[in-house]
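Its first residue numbered 6, the sequence shown is counted upward by one per residue in our numbering.
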Amino acid sequence: MKEQYIQLSHGGGGEEMGRLIKDIIFTAFDNPLLQREEDAAVLNLSGETAFTTDSFTVSPLIFKGGDIGKLAVAGTVNDLAMMGAKPHSLSCSFIIEEGFSMENLKTLVQSMARELQVCGARVVCGDTKVVPRGCADGIYINTAGLGQVVKTGISAHNLQR
6 MKEQYIQLSH GGGGEEMGRL IKDIIFTAFD NPLLQREEDA AVLNLSGETA FTTDSFTVSP
66 LIFKGGDIGK LAVAGTVNDL AMMGAKPHSL SCSFIIEEGF SMENLKTLVQ SMARELQVCG
126 ARVVCGDTKV VPRGCADGIY INTAGLGQVV KTGISAHNLQ R
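Below, the structure written as C-alpha cells:
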C-alpha cells in the first residue's frame with residue numbers, strides 16, 4: 006500500500022478499502038473462504054459446536070510479550086478451549102482510527118496470523134470500519150470463534166471451591 010496511514014476512505018467500501026483488505030488482511034489470513042469476498046462464510050460443522058465472541062481494547066497496543074492482535078486470537082481460542090472445543094474458524098472485525106499507521110496494522114494482523122497458525126484455526130469472515138480521528142484509541146478488534154467440542158463437561162460451572 007502506498008499510503009502510510011489509515012484514511013477515512015479505507016472504511017468507505019470503495020477502491021481504497023479493497024486495497025487495504027487485499028494487501029494487508031487477505032495477505033495474512035489467506036484461505037479460500039476469505040478469498041471469496043462474501044459477507045458471510047458457509048461452514049460445514051458436525052457435532053457439538055462451541056461459539057464465543059469477544060472485543061479487545063488495550064493500551065498500549067503493542068506490549069512486552071504480545072499485542073492486541075495476538076491477544077484477540079488467543080483470547081477467543083481460550084474461550085473455546087474452556088468449553089472443551091478445538092478452534093475451527095474465527096471472524097475478525099476491526100474498528101480503526103483515522104491516522105492509524107499502516108505499518109502498525111500490518112504488524113498486528115501478522116501477529117494474529119501467527120497465533121492462528123499455532124492453534125490451527127482460520128479467519129473466514131470479517132469487517133473493517135474506519136472512524137474519524139479522536140473517536141477511537143487506535144484500533145479495536147472484535148472476534149467470534151467456532152470450535153468443535155472434543156471434550157464434553159468442561160465448564161466454569163463445574164469448578165469446585
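All C-beta atoms, glycine included, are put in the ideal place defined by N, C-alpha and C. Note that this is a predicted model, so its numbers are computed, not measured.
ILE11 sits in coil when the DSSP states are folded into three classes, being neither helix nor strand. DSSP, reduced to helix, strand and coil, places VAL78 within a helical segment of the structure shown. Contact annotation: GLY74 and SER116 have beta-carbon atoms nearer than 7 Å.
Out of ASP59, GLU43 and LEU85, the CA that lies nearest to the CA of ILE146 is found in ASP59. A direct Cα-to-Cα measurement between SER98 and ALA90 gives close to 22 Å.
Restricting attention to beta strand (DSSP E) runs no shorter than 3 residues, the stretch 26 to 111 encloses them at 54 to 61 and 90 to 102, ordered along the chain.
Closest in C-alpha terms to HIS93, from the list PHE61, LEU113, THR57 and GLY104, comes THR57. Beta bridge pairing from DSSP links CYS130 with SER96.
Looking at the DSSP output, VAL136 bridges to GLU102.
Within the model, the alpha-carbon separation for MET22 versus ALA79 is close to 27 Å. The C-beta of LEU48 has fewer than 16 other C-beta atoms within 10 Å across all chains shown, which makes the residue exposed.
Contact between the stretch 140 to 158 and the stretch 26 to 40 is absent, with fewer than three C-beta pairs closer than 8 Å.
The three-state secondary structure of VAL114, taken from DSSP, is helix. For ASN147, the uninterrupted beta strand (DSSP E) run begins and ends at 144 to 154, by DSSP. Excluding sequence positions up to five before and after GLU120, its CB lies within less than 7 Å of the CB of LYS75, VAL78 and ALA79, all in the same chain and listed in chain order.
A distance of 7 Å or more separates the beta carbons of PHE105 and ILE29.
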